[in-house]
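*Asks:* Here you go, one structure.
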């Protein structure tokens, strides 16, 4: 029998966190699949409501991550963040637009694992310990992996900037 | 201009608005019952951290403060009767080779069913106008036999103003018992609360796998025991693992050389702090480190637990030419690793042991 408060608790969980799970889903597999991933994630949360910890976000994103890996691996691999991002709004400063585009293109150039670590911290506001919980490794391991991902991002960005701004002197675009 | 900014900050600023396009909708009604809700799971204090947010990346060496770079032993240290105190080595290489000697002669602990590590993770948070130091303790149980689960127990130990100046600013702000962190968007409105009081224990169980990882490659306990005990062979093995993990894009030989030094420094931390590596492998790790270029040494470094050690620093270079100083703190008397600190984060190693008792 369902506990009377289970529905309320689940509704509160959904209300507080479905936007964050959606954001994660878009960043991993794109807009088209985001709603499905949110539904699948919260279905697991409903079935395992008792396993949801007091700070549910890392747990929920961990579930969403498994959903992506099990069902949408190809979409995750083929995802282009550049294509996902909407066209710049009129009035945006051109330099900032170019910079954001270069950053997204550099993220696209990375492997899915690196991109995942960088966006968990940069876009989803997770602390290292929480992000480590999402990907299922020790915090210190996560920090080392994040560090390596950052190095590769900087490298990819330098190559990206070399394409965007070919007039830049070689020393400056060197990582 | 973009060369002069932190990578994670660039990434945070490039966050596509489409991520926030979630439709407003009520919670779905799923068929079937939820698990019964155990009382007592609800209402516990939430453990909240926002470490590593680009907006809180303040350039503070946390938890580890340089006390004094004294050539003489501290005044309070007991005199050694009947023998001359040997001059302490003052080069990074000397410190590391001495640590290798101490480590190699350490008695091997008895193995058990689990490898258990205990650490304290410290982070300095920008709470708007001043900084607070938040501390979390983390105990991790790694199964040494297959089929086990990696179990982590963490607890928020609370937060307090980081320095005397921060304390004055905190008092002036009315001594709040909780703070709001700056959100990923750089605004406090999106930020999460950070309580000053300690939190409840949280248990995470990660089923399957050993939990051991070196350079992105999962390793079994047997593979860790079989790591090379010769520093050159260990280095070659780490490079082999790293190359297997792959690098994207074209790299110049110079870039690869720098990358490898950084990688070896990072992996040394993993080897010495997390993995149940035999004493001979740990000694080889110190000897391999001793051969790396660009290391600095700081004597009499005190960590947040008041332990004194010798700091071995390495400056990671950022794309903009700035650098991030990272430091291993080694106990010169035992050769054991005490702490690792980088910018606003510090990890203090408290214990690492084999255990037969289940978590």
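Chains as they are written, first to last, in my numbering: chain A, 19 to 193; chain B, 9 to 367. Glycine residues also receive a C-beta, built at the ideal position from the N, C-alpha and C atoms.
Output yes if chain A places a C-beta closer than 9 Å to the C-beta of residue 139 of chain B; else output no.
*Replies:* So, not an interface residue.
*Asks:* For a minimum of 4 consecutive residues, which ranges assigned as the alpha helix (DSSP H) are wholly contained in the stretch 113-181 of chain B?
*Replies:* Listed in chain order, they are 172-180.
*Asks:* Would you mind working out which of B/16, B/263, B/268, B/260 sits nearest residue 245 of chain B, comparing C-alpha positions?
*Replies:* Per the Cα distances, B/268.
*Asks:* Can you find a CB in chain B that lies within less than 9 Å of the CB of residue 90 of chain A?
*Replies:* Chain B contact via Cβ: absent.
*Asks:* Note the first and the last residue of the continuous beta strand (DSSP E) segment covering residue 319 of chain B.
*Replies:* Looking at the DSSP string, the run of the beta strand (DSSP E) that includes residue 319 of chain B is 316-325.
*Asks:* Kindly confirm or deny that the stretch 157-170 of chain B and the stretch 132-146 of chain B touch, where touching means at least three C-beta pairs closer than 8 Å.
*Replies:* Yes, the stretch 157-170 of chain B touches the stretch 132-146 of chain B.
*Asks:* Using CA coordinates, which residue listed in B/237, B/123, B/259 is at the minimum distance from residue 112 of chain B?
*Replies:* The option with the nearest alpha carbon to residue 112 of chain B is B/237.
*Asks:* The stretch 157-174 of chain B: which residues have C-beta closer than 9 Å to a C-beta of chain A, in chain order?
*Replies:* Listed by position, the residues of the stretch 157-174 of chain B near chain A (Cβ gap below 9 Å) are 158, 160, 162.
*Asks:* What is the residue span of the alpha helix (DSSP H) that residue 28 of chain A lies within?
*Replies:* 22-47 is the span of the alpha helix (DSSP H), which, as asked, contains residue 28 of chain A.
*Asks:* Cα-Cα, which of B/289, B/332, B/127, B/351 is closest to residue 240 of chain B?
*Replies:* For the residues B/289, B/332, B/127, B/351, the minimum Cα distance to residue 240 of chain B belongs to B/289.
*Asks:* Going by the beta-carbon positions, is the gap between residue 138 of chain A and residue 171 of chain A smaller than 9 Å?
*Replies:* In this structure, residue 171 of chain A does not lie closer than 9 Å to residue 138 of chain A by Cβ.
*Asks:* Please determine if the stretch 331-340 of chain B and the stretch 305-322 of chain B are in contact, where contact requires at least 3 C-beta pairs separated by less than 8 Å.
*Replies:* Short answer: they touch.
*Asks:* Nearest-angstrom Cα distance between residue 26 of chain A and residue 271 of chain B?
*Replies:* Approximately 48 Å between the Cα atoms of the pair.
*Asks:* Taking only three categories from DSSP, how would you classify residue 176 of chain A?
*Replies:* Helix.
*Asks:* Between which residues of its own chain and residue 212 of chain B is the CB-CB distance below 6 Å, once the five residues before and five after are set aside?
*Replies:* Counting only Cβ-Cβ distances below 6 Å, and skipping sequence neighbours, we find 160.
*Asks:* Under 8 Å between beta-carbons, which chain B residues line up against residue 57 of chain A? List them in chain order, please.
*Replies:* Simply 36.
*Asks:* In this structure, what does DSSP give as the bridge partners for residue 331 of chain B?
*Replies:* Paired residue(s): B/325.
*Asks:* Considering residue 281 of chain B, what are the terminal residues of the beta strand (DSSP E) in which it resides?
*Replies:* That residue, residue 281 of chain B, is in no beta strand (DSSP E); its alpha helix (DSSP H) goes 261-281.
*Asks:* With 8 Å as the limit, tell me which residues of the stretch 265-287 of chain B have their beta carbon closer than that to any beta carbon of chain A; keep them in chain order.
*Replies:* Cβ contacts with chain A come from 267, 270, 271, 274, 275, 277, 278, 281, 282.
*Asks:* Is there contact between the stretch 20-31 of chain B and the stretch 139-146 of chain A, where contact requires at least three CB pairs shorter than 8 Å?
*Replies:* Counting Cβ pairs under 8 Å, three or more are found: they touch.
*Asks:* Using a 10 Å radius around the Cβ and a threshold of 16 neighbouring Cβ atoms, would you call residue 115 of chain A buried or exposed?
*Replies:* Exposed, by the Cβ-count rule.
*Asks:* By DSSP, does residue 363 of chain B sit in helix, in strand, or in coil?
*Replies:* Reduced to three states, the DSSP call for residue 363 of chain B is strand.
*Asks:* Compare the C-beta of residue 322 of chain B with all C-beta atoms of chain A and state if any pair is closer than 9 Å.
*Replies:* No, residue 322 of chain B lies away from the interface with chain A (no Cβ there is under 9 Å from its Cβ).
*Asks:* Nearest CA to the CA of residue 26 of chain B: which residue from A/55, A/99, A/162?
*Replies:* Among A/55, A/99, A/162, the Cα nearest to that of residue 26 of chain B belongs to A/99.
*Asks:* If you run the structure through DSSP and keep just helix, strand and coil, what is residue 311 of chain B?
*Replies:* Looking at residue 311 of chain B - three-state DSSP - the assignment turns out to be coil, as it is neither helix nor strand.
*Asks:* Tell me which residues of the stretch 41-53 of chain A have at least one Cβ-Cβ distance to chain B shorter than 7 Å, keeping chain order.
*Replies:* So the list reads 41, 44, 45, 49, given in the order they occur along the chain.
*Asks:* From what residue to what residue does the beta strand (DSSP E) around residue 203 of chain B run?
*Replies:* Where residue 203 of chain B is concerned, the enclosing beta strand (DSSP E) stretches over 201-203.
*Asks:* Starting from the beta carbon of residue 102 of chain A, find every residue of chain B whose beta carbon is closer than 7 Å, and list them in chain order.
*Replies:* Within chain B, the residues near residue 102 of chain A are 24, 26.
*Asks:* Counting only the same chain and skipping the five closest in sequence on each side, list residues whose C-beta sits under 6 Å from that of residue 296 of chain B.
*Replies:* Only 239, 242, 243 meet the Cβ criterion.
*Asks:* State the DSSP-derived secondary structure class of residue 71 of chain A, mapped to helix, strand or coil.
*Replies:* If DSSP states are grouped into helix, strand and coil, residue 71 of chain A belongs with coil.
*Asks:* Could you check how far apart the C-beta atoms of residue 43 of chain A and residue 51 of chain A are, in whole angstroms? I think they sit under 8 Å.
*Replies:* Confirmed, Cβ separation roughly 7 Å.
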